[in-house]
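Colleague: The structure is given below, and queries will be raised subsequently.
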Amino acid sequence: MITVILVRHGERRREQDDAQDELTQSALNKAVRLGTRLRAHMDNRRVVVLTSAHRHAVQTAEAISDGAQLAAPPESAPFLSPGKREPPAPHWAGEVASEALRRHAGQGNIIVLMVGHETRLSQLVLRFTASRQRQLEA
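Take 8 as the starting number for the sequence shown in my numbering and just add one per residue.
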């Protein structure tokens, strides 16, 4: 069984371009606490952390991983970045996310935590829960 947890990146300092903005200290602290809470509910399940390439999302994923004391670092997942599509180009983010889940499905009872951005996370929720499939917008 795969448990999917979607997490929006923490609050960022808006100083640079969007992709390079860093998290605030408060957001880092909250992400570590979230990781600590995750650890209490892991029940010996393996946790895979996938993250957008944006700096504040990576920092959120790393802080959650630190709080949960995970051995493996977060994996970059371009489908979680706003406006990005993982090659090949015809794949929509939802299809690529589904493929990422299938790739980990044979690993038993695991948790896949995805750190990304609003609208993309909402699109993924719709993609995974809707009875009708819609194309994800870039």
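Where is the CB? At the ideal position from N, CA and C, for every residue including glycine.
All figures in this text were calculated on a predicted structure; none of them were measured in a lab.
Which of the three DSSP states, helix, strand or coil, is assigned to Ser129?
Modeller: Position 122 of the sequence shown, counted from the first residue, corresponds to residue 129. Here Ser129 sits in helix by DSSP.
Colleague: What is the rounded straight-line gap between the Cα of Ala79 and the Cα of Val55?
Modeller: What you label residue 79 is simply residue 72 of the sequence shown in a count that begins at 1. What you label residue 55 is simply residue 48 of the sequence shown in a count that begins at 1. Going by the C-alpha atoms only, they are around 8 Å apart.
Colleague: Quick check: what's the CA-CA separation for Arg19 versus Ala34?
Modeller: Against the sequence shown, residue 19 aligns to sequence position 12. Against the sequence shown, residue 34 aligns to sequence position 27. The alpha-carbon atoms of Arg19 and Ala34 are separated by roughly 8 Å.
Colleague: Measure from the alpha carbon of Asp73 to the alpha carbon of each residue in Leu57, Arg40, Ser88, then state which is nearest.
Modeller: Your numbering for residue 73 matches position 66 in the sequence shown. With distances taken between Cα atoms, Asp73 lies closest to Arg40.
Colleague: Return the Cβ separation of Met8 and Asn116 in integer angstroms, given the expectation that the two are a contact with Cβ distance under 8 Å.
Modeller: By 1-based counting over the sequence shown, the position of residue 8 is 1. By 1-based counting over the sequence shown, the position of residue 116 is 109. About 5 Å; that satisfies the 8 Å criterion.
Colleague: Once the 5 residues before and after Gln76 are set aside, which same chain residues still bring their CB inside 7 Å of it?
Modeller: Position 69 of the sequence shown, counting from 1, holds the residue named residue 76. Cβ neighbours of Gln76 beyond the five flanking positions: Arg46.
Colleague: Quick check: the Cα distance between Arg134 and Ser105, rounded to an integer number of angstroms?
Modeller: Numbered from its first residue, the sequence shown carries residue 134 at position 127. Numbered from its first residue, the sequence shown carries residue 105 at position 98. Distance between the alpha carbons of Arg134 and Ser105 is about 9 Å.
Colleague: Please classify Asp25 as buried or exposed, where buried requires at least 16 neighbouring CB atoms within 10 angstroms.
Modeller: Within the sequence shown, numbered from 1, the residue matching residue 25 stands at position 18. Asp25 should be labelled exposed.
Colleague: What is the DSSP secondary structure of Arg53, counted as helix, strand or coil?
Modeller: Sequence index remark: in the sequence shown, residue 53 carries index 46 (1-based). The answer is strand: DSSP assigns Arg53 an E or B state.
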